[in-house]
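Trainee: Pasting a structure below so you can have a look.
Numbering (my numbering), first residue to last: 92 to 588.
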């Protein structure tokens, strides 16, 4: 129980059966802890088919709030939502050979409709460039049609053989994928960077998570892309999460699907295209970053319930306490705060505290007869149990200030973790030793050869997660840490989810 300011009449009974409690340690059993958190906090359940999950209402509500933030920013910058079929004809997929080669091991195929064998196999979309780009080609005729920006919120299927980790890695997952066409490289690359900036903003301003931005090395680009930019976030166990990507596709998809336009001089030109996406992996990163051994911790920006009011009464004070609490709830609701009044009489305060902590409610308001008498409220912060006694008057503004403080606490802790987990190395041995001992990111000089990634990947399953965005940025060291040749750029190595 987080609360420590408890008058004698507040006896907080703990749950005898521990039905709500997290029984594993985030620090020592991160994988088991995460799996338990996801289920006990009501975020997801495992589906009967291996590799799939059922997203429960609380988990989906958090996704909807994230979606609303990002969707509004997209629309503010000229993006329109659309929806395309989940099935892609094999002939469409094969027009872009790099996409076929890149996703072929993960594609799920439909071969029959009812009892009849299909004349052409249909791919369950692993990504939608191959179905969206042909329609952009139809819709674009003149330079006046550009830029064209469409986005869809949907699910995709990638038939990976890895162990399921809810929200991090599942065969089907929810995401958004934006697709655009532009006059030239400069315009398309600006689009790529605009979306990267919006993803970074989402993590910084909504998820309370500091993020690193960079680009993927050439050997790890999106199939068919010219440049893949990435947002990387660090988990408490020292692994990196590819948190979002934005791709400048050059003209490869335009060539494959004939995306052309007539310019001002009546000459036909090839369009430049982009694609960019963020999946519910962002939720997994969010849950793992902020949550603790008591359960889910959410920033107020995304929490379905931002404030829970727990009235505490005895028979003599019940009516006045409940009336006082209900008035507070109305004030907060009128101010736009997502508030719940937990006036259940079949649960004691201790059970309620534990339950709302498990569910990640950022701020708890306790109201007993003392608060009613003094016209005060007791506020308790979810992340750290910090308490404050505040005046009833002006409670809406006070609560908003405390929610802002809670967000700042979450961000500061995550930022401190990230800053302490970026280290340098000048040799293969230093890379292996540092990641092996500490995890986190290790940056070093790199010659640009994919072969120099293999000794690290083979030894400790770490890889180059990103390099600096600017290709002409001087490398951190003069020599490649692996082969000793001249370094062309700086590589960030990390273990990944």
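Cβ atoms here follow ideal geometry from the backbone N, Cα and C, with glycine treated the same way.
Apart from the five residues on each side of it in sequence, which residues of its chain come closer than 8 Å, Cβ to Cβ, to residue 393?
Mentor: The answer, listed in chain order, is 153, 156, 157, 297, 298, 377.
Trainee: For residue 187 and residue 342, I'd like the C-alpha separation in whole angstroms.
Mentor: Going from the Cα of residue 187 to the Cα of residue 342 covers about 11 Å.
Trainee: Have a look at residue 516 and residue 336 and give me their C-alpha separation to the nearest angstrom.
Mentor: Cα to Cα, the separation comes out at about 26 Å.
Trainee: Rounded to the nearest angstrom, how far is the Cβ of residue 334 from that of residue 323, given a contact under 8 Å?
Mentor: With a Cβ gap of about 6 Å, residue 334 and residue 323 count as contacting.
Trainee: Taking C-alpha atoms, which residue in 114, 539, 556, 247 lies nearest to residue 215?
Mentor: For the residues 114, 539, 556, 247, the minimum Cα distance to residue 215 belongs to 247.
Trainee: Is the beta carbon of residue 390 less than 9 Å from the beta carbon of residue 497?
Mentor: The answer is yes: Cβ separation under 9 Å.
Trainee: Return the chain-ordered list of same chain residues with a C-beta closer than 7 Å to the C-beta of residue 280, the five sequence neighbours on each side being excluded.
Mentor: The answer, listed in chain order, is 339.
Trainee: With a cut-off of 8 Å on the beta carbons, I'd call residue 131 and residue 144 a contact; round off their distance for me.
Mentor: 15 Å between Cβ atoms; not a contact.
Trainee: Mind checking which residues open and close the beta strand (DSSP E) that includes residue 208?
Mentor: Residue 208 -> beta strand (DSSP E) spans 207 to 215.
Trainee: Starting from residue 410 and walking both ways along the alpha helix (DSSP H), at which residues does that stretch end?
Mentor: Here the alpha helix (DSSP H) through residue 410 covers 409 to 425.
Trainee: Report the rounded CA-to-CA distance for residue 119 versus residue 509, giving the unit in angstroms.
Mentor: One C-alpha to the other measures close to 19 Å.
Trainee: Could you tell me the distance, in whole angstroms, from the CA atom of residue 103 to the CA atom of residue 506?
Mentor: Confidence at residue 103 is low in this model, with a pLDDT of 34, below 50, so the placement of that residue should be treated as unreliable; the coordinate-derived value is given next. For residue 103 and residue 506, the distance between alpha carbons rounds to 34 Å.
Trainee: Just the Cα atoms here: how many angstroms apart are residue 96 and residue 470?
Mentor: Per-residue confidence for residue 96 stands at a pLDDT of 33, beneath the threshold of 50, marking its modelled position as unreliable; the derived number appears in the next sentence. The straight-line gap from Cα to Cα measures roughly 10 Å.
Trainee: Start and end of the beta strand (DSSP E) containing residue 490?
Mentor: Where residue 490 is concerned, there is no enclosing beta strand (DSSP E), although the alpha helix (DSSP H) it sits in stretches over 486 to 510.
Trainee: In chain order, what residues of the same chain lie with their CB nearer than 7 Å to the CB of residue 176, ignoring the 5 residues before and after it?
Mentor: The answer, listed in chain order, is 222.
Trainee: From the DSSP output, which residues share a beta bridge with residue 584?
Mentor: Partner(s): 533, 555.
Trainee: Under 8 Å, with one C-beta from each stretch per pair, do the stretch 395 to 406 and the stretch 423 to 443 reach the 3-pair mark?
Mentor: Touching, yes.
Trainee: Given this structure, state the Cα-to-Cα distance separating residue 568 from residue 547, to the nearest angstrom.
Mentor: Distance between the alpha carbons of residue 568 and residue 547: 18 Å.
Trainee: I'd like the list of long-range same chain contacts for residue 178, defined as Cβ closer than 8 Å, with 5 residues on each side in sequence excluded.
Mentor: Here the set comprises 201, 213, 214, 215, 216.
Trainee: Is the stretch 347 to 366 close to the stretch 269 to 283, with three or more CB pairs under 8 Å?
Mentor: The stretch 347 to 366, when compared against the stretch 269 to 283, does touch it at the 8 Å Cβ threshold.
Trainee: Buried or exposed for residue 385, going by 16 or more other Cβ atoms inside 10 Å?
Mentor: Burial call: buried.
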